[in-house]
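Peer 1: Handing you a structure now.
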Amino acid sequence: YAADWNSNLLISRLMDGTEILKIQVEIKNSSLAGHVARNCRPLNVRDVYDASELARHHSDLAFDRTWDEKVGYRTRHVLCVPVVHDGEVQGVIQAINREQVHGTHDPFTVEDQICLAEVAERLAPDLARIRLSTAWSTS
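Laid out in structure tokens, this is it:
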């Protein structure tokens, strides 16, 4: 997701065949990626459907099941890290469902979090340039 602080949204675009779809998430504590952008801290959730686990991170935090229901997918684990450049959150990287190992659905590890944070660190300067040079807005 790229951060659009003017509209207080995280925006992602993806291709579905020949159509470009846009996903928008408000930057607030009630969404996983929004919480990470707002607080500039990683979030590693073992079970997104466990309300008590989400509440341990923030009382407003909830998982939006809309995409799971829409595409028939089952999100289990989510790992989000902020993409920060010069002290400003440029966006959020969100990983969903760690790859199965020996048929089990193991959650993301500390090593996974470190690796994703390194990717975010390398991505940050480029995402900052893209946000400055293009209209990463709600349009």
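Its first residue numbered 2, the sequence shown is counted upward by one per residue in this note's numbering. Ideal placement from N, C-alpha and C gives every residue a C-beta, glycine not left out. The structure presented is a predicted model; accordingly, all values stated were derived computationally and were not measured.
(1) Leaving out five residues on either side along the sequence, give the residues of the same chain with a beta carbon under 8 Å from the beta carbon of Thr139.
(2) Specify the secondary structure class of Leu15 as computed by DSSP and reduced to three states.
(3) What's the call for Ala103, buried or exposed, on a 16-neighbour Cβ count within 10 Å?
(4) DSSP state of His86, grouped into three classes?
(5) Of the choices Pro43, Asp61 and Tyr74, whose alpha-carbon is the least far from that of Thr110?
(6) Pick helix, strand or coil for Lys71, following the three-state DSSP scheme.
(7) Answer with buried or exposed for Tyr74, where buried requires no fewer than 16 other C-beta atoms within 10 angstroms of its C-beta.
(8) Identify the continuous alpha helix (DSSP H) that holds Ala63 and give its terminal residues.
(9) Here's a check: name, in chain order, each residue in its chain whose Cβ is nearer than 7 Å to the Cβ of Ala118, leaving out the five neighbours to either side.
Peer 2: Quick answer:
(1) Low local confidence applies: a pLDDT of 45 at Thr139 is under 50, so the model's placement there is unreliable, with the coordinate-based value given in what follows. The residues are Asp5, Ser8, Leu10, Ile12 and Gln25.
(2) Here Leu15 sits in strand by DSSP.
(3) Checking the sequence, you will find His at residue 103 rather than Ala. Counting other Cβ atoms within 10 Å of its Cβ, His103 stays below 16 and is therefore classed as exposed.
(4) His86 falls in the strand class under three-state DSSP.
(5) Taking only the C-alpha atoms, the option nearest Thr110 is Pro43.
(6) In the three-state reduction of the DSSP assignment, Lys71 falls in the helix class.
(7) Tyr74 counts as exposed, since fewer than 16 other beta carbons sit within 10 angstroms of its beta carbon.
(8) Unbroken run through Ala63: none, as it is neither H nor E.
(9) Non-local beta-carbon contacts of Ala118 in its own chain, meaning distances under 7 Å to residues more than five positions away in sequence, involve Pro43 and Val82 in chain order.
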